[in-house]
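Number of protein chains: 2
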Amino acid sequence: MAEKPSRRDQILTAAAELFARHGFHGVGIDDIGAAVGISGPALYRHFRSKDAMLGEMLTSISERLLDGGQARVDAATTAEEALRALVGWHVDFALDDPALITVQMRNLANLTDPDRRRVRALQRRYVEVWVETIRRTVPDFDEPTARAAAHAVFGLINSTPHSAHLDRDQMAALLSRMALASLTPVVVTS
Amino acid sequence: MAEKPSRRDQILTAAAELFARHGFHGVGIDDIGAAVGISGPALYRHFRSKDAMLGEMLTSISERLLDGGQARVDAATTAEEALRALVGWHVDFALDDPALITVQMRNLANLTDPDRRRVRALQRRYVEVWVETIRRTVPDFDEPTARAAAHAVFGLINSTPHSAHLDRDQMAALLSRMALASLTPVVVTS
DNA sequence: CGACTAGGTAAACGGCTGCTAACCTCCCGG
DNA sequence: CCGGGAGGTTAGCAGCCGTTTACCTAGTCG
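So the sequence lines, in the order shown, correspond to chains C and G.
Numbers given in the working numbering equal positions in the first sequence, counted from 1, plus 1046.
Numbers given in the working numbering equal positions in the second sequence, counted from 1, plus 1046.
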């Protein structure tokens, strides 16, 4: 039998799906409770507040993204390999956890101030990993351009939740190819 | 002197910016009023409800996108030209109206049911324009693939609001190049 | 000049919602 | 066997917020 997920985790994944669909303010405490079979205020046995749920959810996802990305880059030997690994990592994440990706994209504004600072810091470090990797493979991108390009690639890959009409593997292949192609126009064009 | 924008339009643009920054539910009626120098309930002289503001905002943006896109495609003579025009059109829109683009991406869920139906219908027709154009330039994409690719390109271009650290023209050039490159990997790769 | 209208105000209401309080019930270790 | 903590429950409060109401201007037009 599978490792039973702790109640906290059950709640977090359920909440993530609801937040992704209806937005943070569009979901009530009672909705989240109902989604895990308990009702309403029982959640306060596990979380200090609704804000705390979002906070924990977003910091954990940001940490996972950063750690995984860093690990892939470290494991790669060439710059091109690193970029491919990074793209693959982010694509897998977006396809396997579309709810979390959606919440991270849309609900940063609903975080508590200290939580938002923490999450932003993690995200910046993740972007930095991308920027360095991009600049190693596309040397004629200056830093601001590489940063803008990284954000654009995030947008491309994170668009997944809006178009699930392809099966997972085809989607992964398509997104990876598009992402990599979008990052190497200079070689072909100019 | 410029054509004075009607009060309604002032309100809509102010509301768009607020909705983009804080989310629909994160903005109060009083905030919107304050942003245009009047206070609170005065808005009800111009709109039936807060929902109606979002509804009008999103239907108008969807109509503009569709009409503009269709026009560019009709004006083009070759398929490649049509695709370039479409990309340029969407990029310009995203760069000139980042708030509207953000709201359209994030706040579909907050629409009234009939409004959402209307907006969805318009969006689908816009996507259809893209799908047809993409398939004319990349014939080996089947329809679902082309649709997924279109959504991915939207994500890429709409990522603009998150990374304004480049000036407008550089940003437009970068996004256009990346978008076009992401759509034509097959020619180069296989 | 008088009356109607467009547009604004402040005050109040009513419902929704996050959170707390008080209470219950297993389960488990000494 | 019994006491306490973990994890539920329902009822209720408090505050926020969209909306309505009643009232007040300033133009404008017959």
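Glycine is no exception: its CB is placed at the ideal position from the N, C-alpha and C atoms.
In the three-state reduction of the DSSP assignment, residue 1158(G) falls in the coil class, being assigned neither a helical nor a strand state.
Inter-residue distance for residue 1059(C) and residue 1128(C) is about 30 Å (C-alpha atoms, whole angstroms).
Interface flag for residue 1190(G) against chain C is set, since a Cβ pair is found closer than 8 Å. With respect to the C-alpha of residue 1108(C), the residue from 1209(C), 1208(C), 1168(C) having the closest C-alpha is 1168(C). Close CB contacts of residue 1114(C) within its chain, under the 6 Å cut and outside five residues either way in sequence, are with 1135 (chain order). In the DSSP assignment, residue 1147(C) falls within the alpha helix (DSSP H) that extends over 1144-1152. A distance below 8 Å between beta-carbons, with the five flanking residues on each side excluded, links residue 1203(G) to the following residues of its chain, in chain order: 1133, 1136, 1137, 1140, 1221, 1225. Collapsing the DSSP output to three states places residue 1207(C) in a helix. With its beta carbon less than 8 Å from one in chain C, residue 1194(G) belongs to the interface. Selection 1083(C), 1144(C), 1165(C) evaluated against residue 1154(C) yields 1165(C) as nearest (Cα-Cα). The beta carbons of residue 1183(G) and residue 1144(G) sit about 27 Å from each other, so the pair does not count as a contact at 8 Å. In the structure shown, residue 1087(G) adopts helical secondary structure according to DSSP, grouped into three states. Per DSSP, residue 1119(C) is one residue of the alpha helix (DSSP H) stretching across 1096-1121. Of the residues 1163(C), 1216(C), 1162(C), 1082(C), the one whose Cα lies closest to the Cα of residue 1052(C) is 1082(C). By the neighbour-count criterion, in which 16 or more other beta carbons inside 10 Å mark a residue as buried, residue 1197(G) falls on the buried side. With 16 or more neighbouring CB atoms inside 10 Å of its own CB, residue 1161(C) falls in the buried class. By the Cβ criterion, the region 1060-1069 of chain G is in contact with the region 1083-1103 of chain G, since at least three pairs of Cβ atoms, one from each stretch, lie closer than 8 Å. Taking C-alpha positions only, residue 1124(C) is separated from residue 1178(C) by approximately 13 Å. In this structure, residue 1175(G) sits near residue 1119(G), with a CB-CB distance shorter than 8 Å. Identification of residues in the region 1047-1066 of chain C having a C-beta nearer than 7 Å to some C-beta of chain G yields an empty set.
Around the CB of residue 1095(G), fewer than 16 other CB atoms lie within 10 Å, so the residue is classed as exposed. Taking the Cα of residue 1092(G) as reference, the smallest distance to any Cα among 1104(G), 1106(G), 1056(G), 1117(G) is reached at 1056(G).
In the DSSP assignment, residue 1124(G) falls outside any alpha helix (DSSP H), carrying neither H nor E.
For residue 1150(G), the closest alpha carbon among the candidates 1104(G), 1228(G), 1117(G), 1186(G) is that of 1104(G). For a cut-off of 8 Å, the C-beta gap from residue 1069(G) to residue 1076(G) is around 16 Å, too long to register as a contact. Under the DSSP assignment, residue 1059(C) falls in the alpha helix (DSSP H) whose first and last residues are 1053-1068.
Residue range 1214-1229 is occupied by the alpha helix (DSSP H) that includes residue 1226(G). Listed in chain order, the positions of the region 1147-1163 of chain G with a beta carbon within less than 9 Å of a beta carbon of chain C are 1151, 1152, 1153, 1155, 1156.
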